[in-house]
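There are 4 protein chains.
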Amino acid sequence: MAKNVNKGRQGIRGGRFAAKASDVMEEINASIDFDRHLYAQDIVASQAHARMLAETGIISEEDADAISGGLDTILSEIESGAFDFKQELEDIHMNVESRLGELIGDAAGRLHTARSRNDQVATDLRLWVRDALDGLDTASKNLQAALIERADEHSATIMPGFTHLQSAQPVTLGHHLLAYVEMLGRDRGRAVDCRRRLNECPLGAAALAGTSFPIDRDGVARALGFDQPMANSMDAVSDRDFALEYLSLAAILAVHLSRLAEEIVLWCSQQFSYAHMPDAFSTGSSIMPQKRNPDAAELVRGKTGSVIGALTGLLITLKGLPMTYGKDMQEDKVPVFEVSATLNLCLAAMTGMVGGMTFDTERMKADAGAGFATATDLADWLVRELDMPFREAHHVTGKLVTMAEKKGTDLDGLSLDDLQSVDRRITGDVLGILNVDDAANSRSSYGGTAPGNVKKAVAKARKRFLS
Amino acid sequence: MAKNVNKGRQGIRGGRFAAKASDVMEEINASIDFDRHLYAQDIVASQAHARMLAETGIISEEDADAISGGLDTILSEIESGAFDFKQELEDIHMNVESRLGELIGDAAGRLHTARSRNDQVATDLRLWVRDALDGLDTASKNLQAALIERADEHSATIMPGFTHLQSAQPVTLGHHLLAYVEMLGRDRGRAVDCRRRLNECPLGAAALAGTSFPIDRDGVARALGFDQPMANSMDAVSDRDFALEYLSLAAILAVHLSRLAEEIVLWCSQQFSYAHMPDAFSTGSSIMPQKRNPDAAELVRGKTGSVIGALTGLLITLKGLPMTYGKDMQEDKVPVFEVSATLNLCLAAMTGMVGGMTFDTERMKADAGAGFATATDLADWLVRELDMPFREAHHVTGKLVTMAEKKGTDLDGLSLDDLQSVDRRITGDVLGILNVDDAANSRSSYGGTAPGNVKKAVAKARKRFLS
Amino acid sequence: MAKNVNKGRQGIRGGRFAAKASDVMEEINASIDFDRHLYAQDIVASQAHARMLAETGIISEEDADAISGGLDTILSEIESGAFDFKQELEDIHMNVESRLGELIGDAAGRLHTARSRNDQVATDLRLWVRDALDGLDTASKNLQAALIERADEHSATIMPGFTHLQSAQPVTLGHHLLAYVEMLGRDRGRAVDCRRRLNECPLGAAALAGTSFPIDRDGVARALGFDQPMANSMDAVSDRDFALEYLSLAAILAVHLSRLAEEIVLWCSQQFSYAHMPDAFSTGSSIMPQKRNPDAAELVRGKTGSVIGALTGLLITLKGLPMTYGKDMQEDKVPVFEVSATLNLCLAAMTGMVGGMTFDTERMKADAGAGFATATDLADWLVRELDMPFREAHHVTGKLVTMAEKKGTDLDGLSLDDLQSVDRRITGDVLGILNVDDAANSRSSYGGTAPGNVKKAVAKARKRFLS
Amino acid sequence: MAKNVNKGRQGIRGGRFAAKASDVMEEINASIDFDRHLYAQDIVASQAHARMLAETGIISEEDADAISGGLDTILSEIESGAFDFKQELEDIHMNVESRLGELIGDAAGRLHTARSRNDQVATDLRLWVRDALDGLDTASKNLQAALIERADEHSATIMPGFTHLQSAQPVTLGHHLLAYVEMLGRDRGRAVDCRRRLNECPLGAAALAGTSFPIDRDGVARALGFDQPMANSMDAVSDRDFALEYLSLAAILAVHLSRLAEEIVLWCSQQFSYAHMPDAFSTGSSIMPQKRNPDAAELVRGKTGSVIGALTGLLITLKGLPMTYGKDMQEDKVPVFEVSATLNLCLAAMTGMVGGMTFDTERMKADAGAGFATATDLADWLVRELDMPFREAHHVTGKLVTMAEKKGTDLDGLSLDDLQSVDRRITGDVLGILNVDDAANSRSSYGGTAPGNVKKAVAKARKRFLS
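Chains as they are written, first to last, in the working numbering: chain P, 31 to 497; chain W, 31 to 497; chain S, 31 to 497; chain A, 31 to 497.
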């Protein structure tokens with residue numbers, strides 16, 4: 031995909047002329063434009079393989095040394111930009127091996143003993159996804175850190191808690207932000223589980239059936255940081271469920287980010303005016319210099335589409351494939367590479383936005399009190415203090431809200447007489463619970479929004495997620 | 031979704047007439063047609079909640095007993111089919127609570143103290159998915175058991191190992207089947223991880239902000255088999271990532287099943303003729319009584335679409351939702367329910383097919399030898415015995431294959447003279463490795479296809495997966 | 031899918047016990063639970079087929095009459111609820127044919143001459159989708175009518191035009207609503223194209239290869255309202271692209287509806303307060319009687335997920351199927367049925383909401399003037415009257431906006447002196463264009479938001495879409 | 031997406047370090063890496079806009095000439111590779127405009143009069159998709175031509191017609207190939223409809239509300255080959271349904287290609303051996319020189335995933351966006367560009383494969399006769415000649431198939447005595463219809479597989495699709 035875009039406006043063929051068959055085949059078949067991103071993994075895996083071949087006596091120490099040295103050279107060449115990738119050599123494996131032959135001669139021809147491109151690419155991709163998961167974990171942790179920091183700062187900042195985008199009950203901004211810390215915590219947990227599950231080594235599966243050479247699969251696995259070799263060679267070369275699992279957790283994470291992004295867009299609207307985007311993450315307009323378009327948040331929200339699309343795409347590609355390796359599976363790389371780059375960018379942008387936003391706390395608090403948002407507090411008081419059944423308390427409260435609405439006041443604007451006109455048992459004590467601060471403070475059950483809870487949750491979150 | 035289909039050919043409205051607004055709203059808003067499947071979870075969660083309210087002194091023991099007894103009655107009514115679900119009561123929660131009022135009077139009105147439908151439905155669905163994961167684990171284990179059984183039986187049955195649906199190397203059928211045991215093992219691992227992660231209790235989050243009642247969230251969590259209460263009330267009522275994680279692992283499992291289903295369809299074709307479907311899982315034709323259509327395998331393959339579609343659908347529904355509860359989230363149930371039913375059915379059908387298939391082992395073995403499938407064995411021999419570099423051995427082998435093809439024989443039909451005409455160093459020893467049995471036997475590296483390996487792998491799989 | 035949900039909480043098997051193979055097969059194989067919705071199409075197609083068989087002399091007139099009469103009886107039985115659908119008869123076709131045998135005896139056995147279930151079900155489904163498209167067209171037209179009505183009423187109602195959810199320029203509410211009329215117009219156009227393309231008759235393709243009977247395919251096609259018979263029998267029984275096209279246009283329509291639904295949710299928030307939902311389409315709360323949750327709009331938005339999921343699912347099911355009929359294709363019906371019901375419901379709900387919403391036009395107008403929303407008008411004036419290059423006018427305007435912001439006023443609060451302090455060429459004429467009414471009125475280029483344009487567009491839309 | 035991959039293994043940020051906010055924003059915000067593919071459309075649209083501005087007297091003729099000439103220069107620079115795209119200028123529009131300023135000075139500042147980037151990019155993308163549709167049409171037509179050619183050649187080549195991948199009835203290869211010609215015909219029809227529907231011009235919608243300049247929208251539309259200007263400015267800048275419609279038809283086409291690709295993979299397996307891939311479209315193996323892996327067919331099949339994923343992704347991105355332009359919509363380009371390139375490549379590869387495949391017609395014919403594939407012919411004969419009811423004929427045939435199976439012969443190996451032993455009314459005439467040639471020839475109803483039909487269908491297809 032990526033590469034085709036780069037070929038021109040409509041793809042090189044454009045349906046405009048009868049392309050030469052060999053050109054079409056080279057273009058559709060070659061993967062070097064994208065699998066070059068596997069170079070570091072490919073080289074390290076080849077070095078481990080060569081070392082093992084020497085240790086088991088399958089090739090000589092001299093050859094292994096030559097191979098390893100040659101691969102070091104190639105790594106430097108690639109990282110310095112000096113390496114000449116050739117499409118006619120099709121993929122990263124052949125590009126590297128061919129260059130190795132130029133560098134060290136015949137010994138290069140011994141590297142491929144007891145392996146195949148099938149187990150080689152499966153190994154490379156597992157190593158790559160493992161790195162991607164580690165990067166994702168760090169980036170997610172950075173965002174958690176930013177959220178926890180702001181939650182600490184705003185542990186007692188009152189804002190409306192919404193259901194159906196309607197004010198329902200007052201909450202604290204810190205509590206709201208910590209909800210995303212929890213979500214990201216589970217996202218990181220999924221990444222950890224995926225990493226553990228994929229951390230088995232396919233090398234040694236060879237083309238599909240294993241090999242007759244006396245290889246040491248445990249040794250290679252260990253050298254590459256895998257927990258163990260994979261137990262079945264056909265499974266090793268034909269399954270890509272680790273890539274699917276990675277894309278799944280990425281899609282769930284992207285959905286989480288999209289929700290926060292939506293909130294940021296709302297909060298930055300004039301109608302909400304809860305938050306101001308830092309200059310660094312908004313775009314303006316030379317004509318309206320005061321304007322701050324929350325472009326970065328919109329992009330984070332919009333990119334959810336491509337992440338979910340990548341997951342869907344790879345599920346489809348793998349559906350119904352008979353064993354073992356089919357060329358369809360070459361399509362596994364682009365979605366993985368693109369999703370990784372997208373998520374890293376989105377997490378970095380979100381971290382910057384969360385860290386840099388400023389909040390209009392007065393506006394938030396004013397909104398929190400609108401819409402009779404303490405009605406449930408009143409009902410709970412009736413239940414607790416007067417022992418009313420919940421449904422009856424609900425009913426009494428409804429009457430009082432209607433009264434307040436008619437009087438054009440909020441609940442804390444009703445007098446004791448007003449309250450007792452609906453139910454005589456109501457006492458003056460209730461007046462102390464009808465403002466938003468008290469309402470928020472009262473929700474001190476575990477997991478509730480009370481500022482004291484938030485302070486404790488911040489401390490706990492630092493320990494659970496940041497240490 | 032499900033319910034709408036049942037309303038008639040085109041849905042009740044059909045775009046044909048101007049429906050009354052109240053009817054349209056009742057139909058789009060009510061969820062009782064599908065959330066009734068939560069009844070058992072809803073009742074057990076309400077009983078745990080009522081018990082806790084009594085233990086913390088929020089309601090009386092008498093009321094809690096009445097509530098609990100009434101709910102037992104309702105459970106019986108539902109399971110016996112005597113319960114009258116009412117669409118105007120909208121959802122399972124109101125249907126149950128309304129009936130409880132009929133049964134026990136005023137005490138029913140105390141059940142909803144210190145909770146809300148928001149934490150209630152989140153709890154119900156977590157309990158439901160937890161049960162679904164347990165069912166999935168058992169069903170997957172049953173399929174593993176069937177595969178392991180057949181693998182044991184066919185540890186030494188030779189068949190072609192395919193890449194690109196071309197014969198590549200001989201493998202054993204047992205080894206092939208065990209590859210799916212590995213995949214299912216990872217699928218089960220994902221289910222275990224999902225179960226562990228979701229096993230936290232939302233109850234006590236109330237509408238979104240927690241509650242001012244002195245509830246015991248730990249106690250309720252424990253009573254319902256949860257590991258602990260969820261740490262943030264807004265997260266508790268607004269996230270559905272556990273449902274997404276469940277659907278993700280279901281989609282990956284469905285892809286695995288689709289691959290085995292595809293192979294079964296291929297193997298049952300006259301062109302392959304590797305397997306015969308048991309009567310129970312094929313459909314015939316009165317006109318061609320010999321015919322066995324592998325319908326069940328096709329259905330398993332085809333249903334992959336709806337499973338992936340359900341995952342995609344829920345990801346989309348949740349994308350961009352601001353906190354906390356929005357009515358969009360009512361759409362979380364149908365995909366979960368349908369995927370669970372679909373997978374249980376597919377796993378049961380696949381278990382039956384795997385257990386009941388018979389194999390034409392002669393045909394498989396004959397095919398395994400075609401196409402010069404021992405060419406890599408010859409090349410490996412040249413490397414191992416003559417110390418040729420791999421790439422040179424590859425080249426020599428290619429020449430011999432071409433010679434054999436011209437002579438219309440397979441590799442083991444070449445004479446020593448033939449072999450030596452290409453490379454004089456070749457000795458008679460090579461003749462012992464060019465048939466498919468020897469080829470399979472030689473791949474005895476860990477994870478390889480050799481019959482001895484398969485026997486060991488079967489024993490190990492029984493221990494890992496079935497005990 | 032639908033049917034499985036109805037089997038119980040976890041599907042009948044639940045992974046809990048070893049189900050009997052025959053039960054599993056019957057459950058996975060039978061389609062009667064959902065394909066019964068094809069009954070009317072199945073019967074009318076059978077009647078047309080029987081009539082043609084008689085007209086071509088393949089069966090007798092008497093037999094055709096008996097068949098036709100028997101089918102009429104069955105239609106009545108089904109529509110009155112008296113028909114006994116049997117799962118062991120698998121599908122709608124066999125249920126009907128079996129009952130026909132009971133009703134008319136041997137003649138029933140002649141109905142299936144020169145056809146097969148393969149062309150029969152393809153015909154039934156085309157007829158069903160054709161009806162669904164007609165229903166969709168009517169329902170979409172109803173929504174257009176409601177939008178046009180409200181646009182007419184609010185042709186001069188000023189509101190903010192948003193980009194990035196930031197006020198950008200004043201627009202008229204009527205213009206805003208008409209944008210959706212355009213989208214729905216294209217949706218209807220796609221439905222018309224789909225209907226035309228699918229309107230070819232598969233009957234006569236028989237199992238897959240056509241038939242040796244001297245049938246009259248043109249006659250049957252005509253009798254069923256098809257434009258012509260399909261040209262290739264294998265294509266006729268194996269493709270379902272008409273269902274994919276239907277689901278595609280449904281998904282695009284659902285996305286359009288989701289955008290309007292999102293706006294309604296925003297407008298109903300306290301922060302926007304642009305619109306009030308009619309009681310019929312919102313849910314309240316006994317505790318907060320003033321609350322209006324826009325549940326119906328949220329459901330419309332949320333259901334986008336299942337519609338897109340259904341499209342994705344069927345694309346996946348059909349991917350990679352070899353010709354001609356495979357049982358996988360049985361999975362084509364549920365997504366089509368469910369999407370049709372969902373869209374009819376969503377369109378009806380949206381029509382009701384649009385028709386019943388009330389708007390706070392003062393609030394809208396006040397917001398329209400905030401945020402220097404006439405800055406582009408000022409810039410355009412500078413270009414037009416002073417012949418400034420656009421980019422320079424942009425720059426001058428930016429300075430004036432900054433000045434206004436510092437003074438705490440809007441642009442129309444600046445004095446001529448203020449204006450001339452930035453650019454001396456500015457004249458008093460500019461003062462007449464800086465309020466929102468003038469701004470909206472000035473955008474009278476074709477397609478622009480000026481009230482006069484809206485009135486004309488309303489008239490044109492009535493002609494294009496409602497007549 | 032595309033661009034991120036090119037930034038390095040894990041995306042530039044990699045979650046590894048705290049990136050500078052400005053770098054993160056530039057990377058997430060800039061679109062020049064992909065929207066540069068719009069350069070030709072952007073330039074031609076700007077030229078048409080400038081010309082109109084001059085014609086309506088909004089700018090001078092001299093300025094318009096300067097602008098047009100400058101843009102010609104830029105076009106040359108881009109096409110020759112001399113243009114320096116700058117990420118800090120964000121997108122293609124600003125890159126072009128900035129360069130225009132360098133080339134022609136102040137007049138460049140007048141180009142943006144009466145337009146905005148919002149209507150500009152909507153216009154560019156419509157023009158691009160229009161070109162893509164034209165390219166797709168040509169590429170699809172090329173594939174149809176190849177299929178028709180081979181169908182003509184193989185109008186009488188007998189092969190098995192499959193249902194459930196089981197031999198059902200003999201068909202002709204020509205008939206089989208023409209089924210795909212029909213599918214592609216509908217795909218092209220969808221492209222034509224999409225092109226017609228999108229062919230309206232957004233230019234003049236300006237930012238979102240139209241403009242106060244006296245522009246000539248009809249003139250610009252005409253100059254750019256559009257049928258008319260879009261009727262509503264807000265619709266013009268905010269909808270992308272034309273891109274969704276394009277991706278939908280692309281996904282359906284990809285599914286069609288995947289089915290043919292699957293068949294090619296099957297046919298090239300040793301077990302089928304129906305077809306040989308041309309060297310140009312298969313990959314070999316130096317070790318097994320006889321091997322032909324159908325890589326190109328597998329890639330076509332596999333790429334279905336990314337095409338459907340792109341459609342899903344854009345549907346998701348647009349879901350729930352309030353009007354009008356949001357930055358999320360920047361994500362509309364990559365899926366469109368990638369799908370276009372992918373499909374052009376897949377169509378070219380498929381055209382090459384279809385044109386170059388050779389068929390083993392003897393093998394196909396032999397298979398066509400296996401499995402009692404003429405059983406339906408026998409049953410039809412019984413109905414036609416003996417006036418048996420269809421269901422009885424079905425039963426009699428079943429008995430004869432069982433007899434043949436027991437005797438180890440095919441149906442045409444039964445003697446008249448054998449036949450009459452089951453039903454005495456059977457005459458010797460039946461012996462003439464039990465071989466595959468007769469069976470195929472007999473299916474001469476319109477749309478049936480008979481060679482004579484195929485010849486006629488080929489002639490008709492040439493006229494319908496290739497002229």
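A virtual CB, placed ideally from N, CA and C, is assigned to each residue, including glycine.
Owing to the predicted nature of the structure, the values given are computational and were not obtained by experimental measurement.
Close Cβ partners of residue i (< 6 Å) along its chain, the five nearest in sequence each way excluded
{"i": "LEU119/W", "result": "ASN125 and SER128"}
{"i": "VAL366/A", "result": "ALA273"}
{"i": "LEU464/P", "result": "THR404, LEU441 and ASP442"}
Proximity to residue i [Cα-Cα], best of the options
{"i": "TRP411/P", "options": "GLY401/P, ALA396/P, THR427/P and ALA400/P", "result": "THR427/P"}
{"i": "LEU195/P", "options": "ASP309/S, ASN323/S, LEU141/S and SER110/S", "result": "ASN323/S"}
{"i": "ASP53/A", "options": "ASP309/P, LEU68/P and GLY165/P", "result": "ASP309/P"}
{"i": "GLY438/S", "options": "ARG454/S, HIS205/S, ASN465/S and GLY401/S", "result": "GLY401/S"}
{"i": "ALA138/A", "options": "ALA169/A, GLY111/A, SER90/A and SER278/A", "result": "SER90/A"}
{"i": "CYS231/P", "options": "LEU345/P, ASP257/P and ARG180/P", "result": "ASP257/P"}
7 Å CB neighbourhood of residue i in its chain, flanking five on each side removed
{"i": "SER474/A", "result": "ALA480, GLY482 and ASN483"}
{"i": "GLU85/A", "result": "ASP246 and GLY249"}
Residues of its chain near residue i, where Cβ-Cβ distance is below 8 Å and the 5 sequence neighbours each way are ignored
{"i": "ASP325/W", "result": "PHE311, SER312 and THR313"}
Beta-carbon spacing of residue i, residue j below 8 Å
{"i": "LEU238/P", "j": "ARG247/P", "result": "no"}
{"i": "GLN150/W", "j": "ILE62/W", "result": "no"}
{"i": "LEU441/P", "j": "VAL431/P", "result": "yes"}
{"i": "VAL295/A", "j": "ALA327/A", "result": "yes"}
{"i": "ASP358/S", "j": "ARG331/W", "result": "yes"}
* Asked: Quick check: the stretch 368 to 381 of chain A against the stretch 370 to 382 of chain P, are there 3 or more CB pairs under 8 Å?
  -> Short answer: they don't touch.
* Asked: Would you say the stretch 390 to 397 of chain P touches the stretch 187 to 204 of chain P, given that touching needs at least three Cβ pairs under 8 Å?
  -> Touching, per the Cβ criterion.
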